[in-house]
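Below: one structure, written as structure tokens.
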Amino acid sequence: MFMSSVTPTEIGARAEAAVASALVRAGKSVFLPVFGVNTRVDLIYEGDTGLVRVQCKTSRIVGDVLMFRTSSNTKNLPRAYGDEVDEFGVYSPAKNAVYLVPALGLPTRACHLRFTPRLNGQRNGVRWAADFLLGPP
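In our numbering, the protein residues as written are 9 to 145.
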């Protein structure tokens, strides 16, 4: 029996394609690196105030939140993106949706976007997924 497994490179390529597609659907001009394929910036788009550097991530759903990493993890060495990117383009295969999340002020390891309120009713510091939804890929 043949078992197919998806490599991290393939997962990343799918996220990049989904984010680029959603940006184009939103009417943005998207630019992809040609010679810098191993850089920290996956794509650039023309925003209202200039060019925006985007790092694309694939998310997973954990309970009522969408979770994505805000650092790279090459050879088990986490490395935050700092000021190298302006936004995270987050692809959710489970929701078939793309989210654009400003990088400034995010935690350095992972970020959670909530779909529903917390059970304890806390609202301070909550990042709502709906606030960052760009659309389908």
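C-beta atoms are modelled at their ideal positions from N, C-alpha and C, and glycine is treated no differently.
These numbers come from a predicted model, not from an experiment.
* Are the CB atoms of Ala34 and Gly133 nearer to each other than 8 Å? -> Counted from its first residue, the sequence shown places residue 34 at position 26. Counted from its first residue, the sequence shown places residue 133 at position 125. Their beta carbons are not under 8 Å apart, which means Ala34 does not touch Gly133 by this criterion.
* Quick one: is Leu108 buried, meaning 16 or more other Cβ sit within 10 Å of its Cβ, or exposed? -> The count along the sequence shown starts at 1 and reaches residue 108 at position 100. Result: buried.
* To do: Go to Arg122, then tell me how far its beta strand (DSSP E) extends in each direction, as first and last residue.
  => Here residue 122 corresponds to residue number 114 of the sequence shown, with the count starting at 1. Counting along the chain, the beta strand (DSSP E) containing Arg122 begins and ends at 118 to 122.
* **Phe39 versus Tyr53: straight-line alpha-carbon distance, rounded** => Stepping through the sequence shown from its first residue, residue 39 is reached at position 31. Stepping through the sequence shown from its first residue, residue 53 is reached at position 45. Their backbone Cα atoms lie some 6 Å apart in a straight line.
* To do: Can you tell me the Cβ-Cβ gap for Val49 and Gln63, rounded? I've got them flagged as a contact below 8 Å.
  => Numbered from its first residue, the sequence shown carries residue 49 at position 41. Numbered from its first residue, the sequence shown carries residue 63 at position 55. Correct: roughly 7 Å between the Cβ atoms.
* Asked: Which term fits Pro115, buried or exposed, when burial requires 16 or more other beta carbons within 10 angstroms of its beta carbon?
  -> Position 107 of the sequence shown, counting from 1, holds the residue named residue 115. So Pro115 ends up on the exposed side.
* Asked: With C-beta atoms as the reference, is Glu92 less than 8 Å away from Pro110?
  -> Residue numbering aside, residue 92 sits at position 84 when the sequence shown is read from its first letter. Residue numbering aside, residue 110 sits at position 102 when the sequence shown is read from its first letter. Taking 8 Å as the Cβ cut-off, Glu92 and Pro110 do not qualify as a contacting pair.
* Sub-8 Å separation of Thr78 and Tyr89 beta-carbons -> Along the sequence shown, read from residue 1 onward, the residue named residue 78 stands at position 70. Along the sequence shown, read from residue 1 onward, the residue named residue 89 stands at position 81. Tyr89 is positioned such that its CB atom lies closer than 8 Å to that of Thr78.
* Asked: Going straight from the alpha carbon of Ile69 to that of Gly58, what length do you get?
  -> Position 61 of the sequence shown holds residue 69. Position 50 of the sequence shown holds residue 58. Roughly 32 Å separates the two Cα atoms.
* To do: Specify the secondary structure class of Gly20 as computed by DSSP and reduced to three states.
  => Mapped onto the sequence shown, residue 20 falls at position 12. Residue state, collapsed to three classes: helix.
* Looking at Asn84 and Pro145, is the spacing between their C-beta atoms short of 8 Å? -> For the purposes of this step, residue 145 is identified with residue 137 of the sequence shown, where counting begins at 1. For the purposes of this step, residue 84 is identified with residue 76 of the sequence shown, where counting begins at 1. Result no, Cβ atoms of Pro145 and Asn84 do not sit closer than 8 Å.
* Buried or exposed: which applies to Ser100, given that a residue is buried once 16 or more other Cβ atoms fall within 10 Å of its Cβ? -> The count along the sequence shown starts at 1 and reaches residue 100 at position 92. When all chains shown are included, Ser100 counts as buried.
* Spatial distance of Phe140 from Pro86 (CA atoms) -> On the sequence shown, residue 140 is found 132 positions in, with the first residue counted as 1. On the sequence shown, residue 86 is found 78 positions in, with the first residue counted as 1. Rounded to the nearest angstrom, the two C-alpha atoms are 25 Å apart.
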